[in-house]
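Trainee: Mind looking over this structure? Questions follow.
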Amino acid sequence: MVSPILELANINKSFGHVQANKNINLTINKGTIHGIIGENGAGKSTLMSIVFGLYQANSGTIKVNGKEINLRSPKDSIINGIGMVHQHFMLVENFTVLENIILGFEGELVFGKNLEKAKKDLKNLCDTYKLNIDLNSTISDLSVGFRQRVEILKSLYRGAEILILDEPTGVLTPQEVDELFKILRSLNEEGKTIVLITHKLIEIMDLTSEVSVMRQGEMVGHTKTKDTNKEKLAEMMVGRSVLLRLDKSELKTGDVVFKVEDLTVKDDLDVTRVKNVNLEIRAGEILGLAGVTGNGQTELLEALSGIRKVESGEIYLDGKKVSDSQNFLDPRELKEKGLAHVPEDRQRMGLVTDFKAYENLIFGYHDQQPFSKSSILNHKDIISHSKKIMEEYDVRPQSPNLITSNFSGGNQQKIILSRELNEKPKVLLVGQPTRGVDIGAIEFIHQRLIEMRDRGAAILLVSVELDEVLSLSDRIVVMFDGKIVGEKENKNVTDRELGLLMAGVV
Amino acid sequence: MATVDKSKVPWWVSNLIVPLVNLTLALFVSGLFIFIAGENPYEAVRLIIYGSFGYIEGFAYTLYYTTNFIFTGLAFAVAFHCRLFNIGGEGQAYIGGLGVFLVAINFSFLPVPIVWLLAVGGAVVFGAAWAFIPAYLQATRGSHVVITTIMFNFIAASLMVFLLVDVIRDTSQMGPHTVALPEEQWFPSFEDLAALFGIKIRYSPLNISFLLAIAASFFVWFLVWKTRWGYEMRAVGHNTQAAIYAGISPYKNIIIAMCISGGLAGLLGVNEILGVHHKIVAGFPAGYGFTGIAVALMGRNHPIGIFPAAFLFGILYQGGSEVTFDMPNITRYMFVAVQGVIILFSGALENLFRPQIENFFVNRLNLKAKA
Chain W
0 MVSPILELAN INKSFGHVQA NKNINLTINK GTIHGIIGEN GAGKSTLMSI VFGLYQANSG
60 TIKVNGKEIN LRSPKDSIIN GIGMVHQHFM LVENFTVLEN IILGFEGELV FGKNLEKAKK
120 DLKNLCDTYK LNIDLNSTIS DLSVGFRQRV EILKSLYRGA EILILDEPTG VLTPQEVDEL
180 FKILRSLNEE GKTIVLITHK LIEIMDLTSE VSVMRQGEMV GHTKTKDTNK EKLAEMMVGR
240 SVLLRLDKSE LKTGDVVFKV EDLTVKDDLD VTRVKNVNLE IRAGEILGLA GVTGNGQTEL
300 LEALSGIRKV ESGEIYLDGK KVSDSQNFLD PRELKEKGLA HVPEDRQRMG LVTDFKAYEN
360 LIFGYHDQQP FSKSSILNHK DIISHSKKIM EEYDVRPQSP NLITSNFSGG NQQKIILSRE
420 LNEKPKVLLV GQPTRGVDIG AIEFIHQRLI EMRDRGAAIL LVSVELDEVL SLSDRIVVMF
480 DGKIVGEKEN KNVTDRELGL LMAGVV
Chain P
0 MATVDKSKVP WWVSNLIVPL VNLTLALFVS GLFIFIAGEN PYEAVRLIIY GSFGYIEGFA
60 YTLYYTTNFI FTGLAFAVAF HCRLFNIGGE GQAYIGGLGV FLVAINFSFL PVPIVWLLAV
120 GGAVVFGAAW AFIPAYLQAT RGSHVVITTI MFNFIAASLM VFLLVDVIRD TSQMGPHTVA
180 LPEEQWFPSF EDLAALFGIK IRYSPLNISF LLAIAASFFV WFLVWKTRWG YEMRAVGHNT
240 QAAIYAGISP YKNIIIAMCI SGGLAGLLGV NEILGVHHKI VAGFPAGYGF TGIAVALMGR
300 NHPIGIFPAA FLFGILYQGG SEVTFDMPNI TRYMFVAVQG VIILFSGALE NLFRPQIENF
360 FVNRLNLKAK A
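So the protein sequences, as listed, match chains W and P.
In terms of numbering that gives the first Met the number 0, the first sequence has 88 at position 89, counting the first letter as 1, and numbering is strictly consecutive.
In terms of numbering that gives the first Met the number 0, the second sequence has 79 at position 80, counting the first letter as 1, and numbering is strictly consecutive.
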């Protein structure tokens with residue numbers, strides 16, 4: 000007889016005007032490994048953060064073992080037997096394993112009896128679940144895989160019956176993943192309930208007994224894992240919603256304007272994120288780059304726009320080499336050569352949110368005539384330019400003197416887009432153009448991108464929204480784990496095929 | 000607590016009402032101190048006002064202090080727009096003074112107005128050079144300017160003592176100071192100017208450096224809001240990532256902002272050397288560099304705010320010394336405490352009542368709009 004251990008009913012949660020969770024119903028049965036799968040931004044992590052008490056739902060009820068509970072903080076969740084292992088570990092680096100685990104539960108001022116007892120309890124836990132951790136080692140000496148085990152042990156020590164793991168394999172090597180799965184299985188055999196959040200189909204098929212699929216904040220399906228397969232899940236994940244096919248004129252491509260050869264890029268932590276990537280974009284063509292967030296798209300865009308150093312490989316613009324590992328043009332020089340960039344994260348990179356709108360509308364072009372002349376800004380021209388451009392791109396409200404953070408996400412994005420498109424670039428790099436943007440603005444932004452293409456610009460569109468990639472691109476490449484894993488003409492390709500490529504299945 | 004929609008808060012609420020409330024509170028707490036010390040707070044306030052406004056020389060002293068605070072306040076503000084916490088105004092002013100003196104004494108064969116211009120240039124260059132080293136270390140090595148500029152204050156002080164004792168000391172005197180500059184190079188003082196109009200007043204240190212301070216305020220306003228340099232500095236300060244994206248070099252702007260900041264601090268040397276002492280005296284920056292930080296924070300890093308903030312501190316300095324003359328229980332240090340309380344309320348506790356005050360006015364305006 001299966002009995003539900005955790006029941007969620009009609010959970011709603013919004014951040015500003017973005018609804019992250021819509022009427023979520025979910026039942027998790029005792030003693031199961033329950034997978035929750037969905038694309039990035041589908042609302043999985045938000046939902047689990049609500050269960051763990053980090054966020055409060057706007058409405059809805061949560062029941063543990065049939066009893067309705069009120070979760071106001073992680074402490075409430077811990078009391079109710081819910082533990083969570085976060086994507087980014089919550090450990091004090093210079094503390095030992097033991098010190099980390101008892102942190103907040105020390106129970107006495109001068110360590111003595113309680114500490115000894117904790118040691119004994121933890122040893123028993125380690126033995127029961129084969130965790131194999133030395134309690135006296137310092138966290139900073141441990142590998143990522145072991146740190147994760149410490150997090151698991153921490154939850155168990157605090158009496159977790161339900162253990163939530165948020166994308167636990169994202170940071171692990173394949174060997175470490177195997178070890179983790181072994182541990183999770185043995186936990187499950189001892190009667191613990193496990194909730195696994197992931198976007199990797201393979202993990203769901205490997206480990207779980209039940210699976211729930213989320214898409215765009217909604218729960219779109221529940222099933223037993225044995226009754227489904229990867230293809231069916233991928234289909235549910237990306238959705239079969241009717242694509243918003245845009246009116247697109249016939250493709251008229253010109254010469255190759257932008258070419259990337261064998262490009263390798265490392266991130267700030269010296270991890271190789273882009274691996275031997277080759278790309279070619281012709282004038283008048285939109286190349287869509289699909290992929291789940293974190294597979295190297297960010298680093299690729301940064302390298303192409305001159306923000307990040309190229310490790311090896313070459314980048315050509317208009318047939319001329321602009322960057323390799325020795326020499327590379329900075330963003331300003333690339334702009335002068337006709338490359339514009341709409342960055343993925345508008346608030347972190349595309350805008351100075353404390354600036355007034357007109358200051359952001361010339362950002363990166365502020366040293367050009369007529370905006371500035373011998374280092375003095377020409378406010379009259381800047382303001383009249385801003386008014387013109389805000390009207391043309393329908394930025395609301397049309398007040399150049401308003402501080403940028405007071406504009407909505409969609410209008411902030413229009414500010415960036417208008418600034419970059421207004422220069423009529425030869426090559427346009429666009430990252431997540433419609434993330435967090437309302438529907439009206441999405442359509443507008445899409446039309447503008449098509450216009451740019453028809454005018455003969457070579458466009459690289461990086462997006463995690465499959466619908467967007469499918470409706471805009473002429474050609475699609477899929478990036479997984481830093482590599483280009485597939486290239487398709489956008490004619491007969493289906494979202495399912497792409498979904499499988501994105502999940503690294505084929 | 001409900002967050003306030005910032006865009007709905009009228010400018011005069013956040014820029015006038017909030018600072019005034021904070022200032023009033025600070026003065027109230029200061030009054031308590033004076034009361035506890037066994038003196039009458041009302042009497043103390045009366046003395047402050049009399050000391051700083053009541054007679055012409057007192058008022059001149061107030062403006063003299065204001066001049067120094069404008070220089071150091073502007074210096075801090077410029078660096079702060081690039082989000083650099085330049086604590087080194089004190090040292091930069093000290094070295095700036097060295098620049099003034101060396102230029103004035105070595106170019107004394109030139110016509111006086113040219114010497115003045117060169118001396119101002121010397122102040123800026125020496126102050127900027129002293130700020131350049133911490134700036135360079137911050138830009139290339141990430142050594143935090145707060146730490147390095149503080150250390151550079153000590154280095155400047157030691158260096159100046161060494162120079163004043165062993166290298167440029169006036170050997171005919173015992174004290175650690177240089178020879179005086181030729182009298183024709185001295186800045187016209189307030190009493191000189193008054194004498195031109197036939198008004199006779201007694202000595203005060205106020206001199207034409209006050210006009211230089213006003214010019215510097217205009218310069219900073221123009222630099223920060225009207226030039227590409229200021230624009231780029233602010234971009235780096237507010238969002239370094241975005242600046243890099245736009246092709247703006249954080250490295251270059253950190254150095255430029257710090258050098259301009261150091262140059263402005265150096266101008267304090269012009270007031271002190273050309274205007275007041277006419278020679279380098281050991282320890283002449285006397286803490287103005289540090290008080291400048293409070294002035295800038297209180298003036299919200301804008302020249303229009305820095306001027307009244309500098310004036311307020313000028314009143315406190317001048318009025319405070321008046322009080323210590325007349326009230327035996329109030330020492331000089333009492334006024335350091337009063338300054339501390341003002342800094343506390345208008346700097347550290349600046350946001351203590353801001354949300355409530357802003358909420359109050361936003362709600363009132365909403366009600367009005369409905370009615």
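The beta carbon of each residue, even a glycine, is placed where N, CA and C say it ideally should be.
Please name the residue or residues paired with W/GLY517 in a DSSP beta bridge.
Mentor: The question about residue 517 of chain W has no answer here: the residues shown for chain W are numbered 0 through 505.
Trainee: Give me the DSSP bridge partner(s) of W/ALA339.
Mentor: By 1-based counting over the first sequence, the position of residue 339 of chain W is 340. In DSSP, W/ALA339 forms a bridge with W/LEU427.
Trainee: Which value, in whole angstroms, describes the spacing of the CA atoms of P/ALA295 and P/MET173?
Mentor: Here residue 295 of chain P refers to the residue found at position 296 when the second sequence is read from its first residue. Here residue 173 of chain P refers to the residue found at position 174 when the second sequence is read from its first residue. For P/ALA295 and P/MET173, the distance between alpha carbons rounds to 38 Å.
Trainee: What residue range is occupied by the uninterrupted beta strand (DSSP E) comprising W/GLY59?
Mentor: For the purposes of this step, residue 59 of chain W is taken as residue 60 along the first sequence, with counting starting at 1. Taken as a continuous stretch (DSSP letters only), the beta strand (DSSP E) holding W/GLY59 covers 58-63.
Trainee: Once you ignore the five residues that flank W/ALA339 on each side, which residues in its own chain have a CB closer than 8 Å to its CB?
Mentor: Stepping through the first sequence from its first residue, residue 339 of chain W is reached at position 340. If we look at W/ALA339 and ignore the five residues flanking it on each side, its Cβ neighbours are GLU419, LEU420, GLU422, PRO424, VAL426, LEU427 and LEU428.
Trainee: So with CB distances below 8 Å, who are the chain P contacts of W/GLU298?
Mentor: One-based indexing of the first sequence puts residue 298 of chain W at position 299. The premise fails here: W/GLU298 is roughly 14 Å from chain P at the closest Cβ pair, so nothing lies under 8 Å.
Trainee: What does the alpha-carbon distance come out to for the pair P/GLU271 and W/GLN367?
Mentor: Your numbering for residue 271 of chain P matches position 272 in the second sequence. Your numbering for residue 367 of chain W matches position 368 in the first sequence. Near 42 Å, if we compare the C-alpha coordinates of W/GLN367 and P/GLU271.
Trainee: Taking W/PHE257 as part of the beta strand (DSSP E), name the residues at either end of that continuous run.
Mentor: Here residue 257 of chain W is taken as the residue at index 258 of the first sequence, counted from 1. Taken as a continuous stretch (DSSP letters only), the beta strand (DSSP E) holding W/PHE257 covers 255-265.
Trainee: Kindly indicate which three-state DSSP category P/ASN362 falls into: helix, strand or coil?
Mentor: Locating residue 362 of chain P in the second sequence gives position 363, where the first residue counts as 1. Correct three-state label for P/ASN362: helix.
Trainee: Does the count of Cβ pairs from the region 145-165 of chain W and the region 65-83 of chain W closer than 8 Å reach three?
Mentor: Yes: at least three Cβ pairs fall under 8 Å.
Trainee: Just tell me which of W/ARG281, W/GLN346 and W/GLY37 has its CA closest to the CA of W/ILE415.
Mentor: As a working note, residue 415 of chain W is residue 416 in the first sequence. The shortest Cα separation from W/ILE415 among W/ARG281, W/GLN346 and W/GLY37 belongs to W/GLN346.
Trainee: Alpha carbon to alpha carbon, how far is P/GLN240 from W/LEU179? Give it in angstroms, no decimals.
Mentor: Along the first sequence, read from residue 1 onward, the residue named residue 179 of chain W stands at position 180. Along the second sequence, read from residue 1 onward, the residue named residue 240 of chain P stands at position 241. Rounded to whole angstroms, W/LEU179 to P/GLN240 spans 36 Å at the Cα level.
Trainee: Does the beta-carbon of W/SER385 have 16 or more other beta-carbons within 10 angstroms, so that it is buried, or is it exposed?
Mentor: Position 386 of the first sequence, counted from the first residue, corresponds to residue 385 of chain W. It counts as buried.
Trainee: Please tell me whether P/ASN238 has its Cβ less than 8 Å away from any Cβ of chain W.
Mentor: Counting from one through the second sequence, the residue named residue 238 of chain P turns up at place 239. Yes, P/ASN238 counts as interfacial toward chain W.
Trainee: Taking CB distances under 8 Å as the criterion, tell me whether W/GLU358 reaches chain P.
Mentor: Here residue 358 of chain W refers to the residue found at position 359 when the first sequence is read from its first residue. Chain P, which has a Cβ nearer than 8 Å to the Cβ of W/GLU358, makes this yes.
Trainee: Would you kindly check if the distance between the Cβ of P/LEU311 and the Cβ of P/TYR287 is under 8 Å?
Mentor: Here residue 287 of chain P refers to the residue found at position 288 of the second sequence. Here residue 311 of chain P refers to the residue found at position 312 of the second sequence. Cβ distance not < 8 Å, so P/TYR287 and P/LEU311 don't count as in contact.
Trainee: Just to make sure I have the definition right: I need the residues of chain P whose C-beta is within less than 7 Å of the C-beta of W/VAL351. Which are they?
Mentor: Translated into the one-based positions of the first sequence, residue 351 of chain W becomes position 352. Within chain P, the residues near W/VAL351 are ALA234, HIS237, ASN238 and ALA241.
Trainee: Any chance the region 308-319 of chain W sits against the region 396-409 of chain W, with 3 or more Cβ pairs inside 8 Å?
Mentor: At 8 Å Cβ cutoff, the stretches do not touch.
Trainee: What's the call for P/SER260, buried or exposed, on a 16-neighbour Cβ count within 10 Å?
Mentor: For the purposes of this step, residue 260 of chain P is taken as residue 261 along the second sequence, with counting starting at 1. P/SER260 is buried by the Cβ-count criterion.
Trainee: If distances are taken between C-alpha atoms only, which option among P/PHE344, P/ALA127 and P/ASP165 comes closest to P/VAL77?
Mentor: Counting from 1 along the second sequence, the entry for residue 77 of chain P is found at position 78. Of P/PHE344, P/ALA127 and P/ASP165, the residue nearest in Cα terms is P/ALA127.
Trainee: With 8 Å as the C-beta to C-beta threshold (strictly closer), list the residues of the region 274-290 of chain W near chain P in chain order.
Mentor: So nothing in the stretch comes that close.
Trainee: Using DSSP's beta-bridge definition, name the partner residues of P/ASN371.
Mentor: As shown, chain P starts at 0 and ends at 370. That puts residue 371 of chain P outside it, with no answer to give.
Trainee: Is DSSP giving P/MET150 helix, strand or coil here?
Mentor: Reading the second sequence from its first residue, position 151 is the one you call residue 150 of chain P. Helix, per DSSP.
Trainee: Just the Cα atoms here: how many angstroms apart are W/THR139 and W/VAL50?
Mentor: Against the first sequence, residue 139 of chain W aligns to sequence position 140. Against the first sequence, residue 50 of chain W aligns to sequence position 51. Checking the sequence shown, residue 139 of chain W turns out to be Ser, not Thr. For W/SER139 and W/VAL50, the distance between alpha carbons rounds to 29 Å.
Trainee: If you drop the 5 nearest sequence neighbours on each side, which residues of the same chain put their C-beta closer than 6 Å to that of W/GLY216?
Mentor: The sequence position of residue 216 of chain W within the first sequence is 217, counting from 1. The answer, listed in chain order, is GLN18, ALA19, ASN20, LYS21 and GLY42.
Trainee: Just the Cα atoms here: how many angstroms apart are W/ARG454 and W/GLY283?
Mentor: For this step, residue 454 of chain W is matched to residue 455 along the first sequence. For this step, residue 283 of chain W is matched to residue 284 along the first sequence. Cα-Cα distance, rounded: 7 Å.
Trainee: Report all residues from its chain with a CB closer than 6 Å to the CB of P/ALA138; omit the five preceding and five following residues, and keep chain order.
Mentor: Here residue 138 of chain P is taken as the residue at index 139 of the second sequence, counted from 1. Same-chain partners within the cutoff: TYR250, ILE253 and ILE254.
Trainee: From which residue to which residue does the alpha helix (DSSP H) around P/PHE27 run?
Mentor: Walking along the second sequence from the start, residue 27 of chain P turns up at place 28. Segment 17-35, the alpha helix (DSSP H) holding P/PHE27.
Trainee: Can you tell me where the alpha helix (DSSP H) with P/PHE70 in it begins and where it stops?
Mentor: Locating residue 70 of chain P in the second sequence gives position 71, where the first residue counts as 1. 55-80 is the span of the alpha helix (DSSP H), which, as asked, contains P/PHE70.
Trainee: In whole angstroms, what separates the C-alpha of W/LYS372 from that of P/TRP228?
Mentor: Counting from 1 along the first sequence, the entry for residue 372 of chain W is found at position 373. Counting from 1 along the second sequence, the entry for residue 228 of chain P is found at position 229. Approximately 12 Å between the Cα atoms of the pair.
Trainee: Return helix, strand or coil for P/GLY262, following the three-state DSSP convention.
Mentor: Position 263 of the second sequence, counted from the first residue, corresponds to residue 262 of chain P. It is helical.
Trainee: With DSSP as the reference, identify every bridge partner of W/MET478, one or two as the case may be.
Mentor: Taking the first sequence and counting its residues from 1, the one referred to as residue 478 of chain W is at position 479. In the DSSP output, where bridge partners are listed per residue, W/MET478 has W/ILE483.
Trainee: Among P/ASN365, P/LEU366, P/PHE352 and P/LYS369, which one has its Cα closest to the Cα of P/ILE16?
Mentor: The count along the second sequence starts at 1 and reaches residue 16 of chain P at position 17. Cα-wise, what sits closest to P/ILE16 is P/PHE352.
Trainee: Rounded to whole angstroms, how far is the Cβ of W/LEU286 from the Cβ of W/MET478, which I believe are closer than 8 Å?
Mentor: As a first step, residue 286 of chain W is located in the first sequence; it is residue number 287 there, counting from the start. As a first step, residue 478 of chain W is located in the first sequence; it is residue number 479 there, counting from the start. With a Cβ gap of about 12 Å, W/LEU286 and W/MET478 do not count as contacting.
Trainee: Decide if the region 105-121 of chain P is in contact with the region 322-332 of chain P; the criterion is three or more beta carbon pairs, one per stretch, under 8 Å apart.
Mentor: Taking 8 Å as the limit for Cβ pairs, the verdict is that the region 322-332 of chain P does not touch the region 105-121 of chain P.
Trainee: Should the region 190-208 of chain W be regarded as contacting the region 459-472 of chain W, the criterion being three or more beta carbon pairs within less than 8 Å?
Mentor: Counting Cβ pairs under 8 Å, fewer than three are found: no touch.
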